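Below is one structure, written out as structure tokens; comments come after it.
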Amino acid sequence: MTKILVTGSKGQIGSDLIVALRDRYGVMQVIESGRQKLPPLEDKLFLYETLDVRDLKRLQQIVERYRFDIIYHLASLLSATGEQNPHLCWDINVNGLKNVLEVAKSHRIKVFWPSSIAAFGPHTPKIDTPQIAIADPSTMYGITKATGELLCRYYATRFGVDVRSLRLPGIISYSTPPGGGTTDFAVEIFHAALKNGTYTCFLRPDTRLPMMYMPDAIRAILTLMEADPNAIAIRTSYNITAVSFSVEELVTEIQKYIPEFTCRYEPDFRQAIADSWPSIIDDSKARSDWGWKPACDLSAIVADMFAKLKKPEKPVILTS
Ligand code: SER
33 MTKILVTGSK
43 GQIGSDLIVA
53 LRDRYGVMQV
63 IESGRQKLPP
73 LEDKLFLYET
83 LDVRDLKRLQ
93 QIVERYRFDI
103 IYHLASLLSA
113 TGEQNPHLCW
123 DINVNGLKNV
133 LEVAKSHRIK
143 VFWPSSIAAF
153 GPHTPKIDTP
163 QIAIADPSTM
173 YGITKATGEL
183 LCRYYATRFG
193 VDVRSLRLPG
203 IISYSTPPGG
213 GTTDFAVEIF
223 HAALKNGTYT
233 CFLRPDTRLP
243 MMYMPDAIRA
253 ILTLMEADPN
263 AIAIRTSYNI
273 TAVSFSVEEL
283 VTEIQKYIPE
293 FTCRYEPDFR
303 QAIADSWPSI
313 IDDSKARSDW
323 GWKPACDLSA
333 IVADMFAKLK
343 KPEKPVILTS
């Protein structure tokens, strides 16, 4: 039976990914982990290990106890938080990844690790960014993603580690908010629209970024991980996208549901980060190598976000 470790499981992607993994592999097969200690009750509902990925010894202990087949390594600082604490960002994102790759090497574990559009930089072609392009990231987060991609390829080619990766765009979801990213506005705006009828955006209205709805992201991750290893030609990280829209296009779509909704613009330091990233990504390699195809465009995302956020879903209580 496949045993799985998810690091950073309480984050935006982790919260949704563990639900999908437990559906597929069984509740007790998926072990969550994160830096925080859980309250005693929550602790009993599923298997959770306190783990700081920078602590190689602790990671090794957990790996030896459970004998994992796959690690979904999601623990990371995002772009805006990374700029507030670049040292910590490097430490968690790069040294944490290297620790995971080390245990993957010694225990023959398959790994998923998310890279990001942030691996690109101001000299990267902004429109239809090719799979192989100049990557000169200007943020510490982006530098850790570009470095991480090379580490993944190194461990794959030098040591035969089956590590697979996606350059994720901004992810929109309703169950857990993102924390500390530049694309967070695309989630915050829905909550603000429903609560206050207005939102103050930290980016300019014409800022256009690649985005994806969480169900597409989860499907992309699982499809990549289940693909035939011979189909995985890219061992750095695959370009992947679903839709690209500007902030004002998102506002217009939201106004179809809440006509009185208004958005003000007060760009801050995150504008420079967004300006250094691509607007539209070419993900043809992911499509041809392992059959990637997104399902949700902007109107489908907005419709589903409002459907889900208006009527909060019951929290899922997992029992074994
Ligand atoms: N969503 C991330 C961020 O905004 C980009 O990978 O930092």
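Sequential numbering of the sequence shown, starting at 33, is according to our numbering.
For each residue, glycine too, the CB sits at the ideal point set by N, CA and C.
None of these values were measured; they are calculated from a predicted model.
Each of T208, I149, S276 was checked against the Cα of Y270, and the nearest Cα belongs to I149.
A Cβ-Cβ separation of about 7 Å places M243 in contact with A274 under the 8 Å criterion. Taking a contact as a CB-CB distance under 8 Å, the pair P299 and F234 counts as one, their CB atoms being some 6 Å apart.
For R196, the enclosing beta strand (DSSP E) covers residues 195-200.
At least one heavy atom of ligand 1 lies less than 7 Å from the C-beta of Y173. Spatial neighbours of R199 in its own chain (CB-CB distance under 7 Å, excluding positions within 5 residues in sequence) are listed in chain order as S147, S148, I149, A151, S269, Y270, N271, I272. Pairing W322 with E292, the inter-Cα distance amounts to about 43 Å. Rounded to the nearest angstrom, the Cβ distance from V95 to V51 is 23 Å, too far for a contact under 8 Å. In the same chain as V219, and ignoring 5 residues on each side of it, the C-beta atoms closer than 7 Å to its own belong to I204, S205, P209, P210, in chain order.
Annotated three-state conformation of S205 is coil, per DSSP. Around the Cβ of M33, a 10 Å sphere holds fewer than 16 other Cβ atoms; the residue is exposed. Setting aside the 5 residues that flank it on each side, I102 is surrounded in the same chain by I36, K142, each with a C-beta closer than 6 Å to its C-beta; the list follows chain order. The beta carbons of L83 and L77 sit no closer together than 8 Å.
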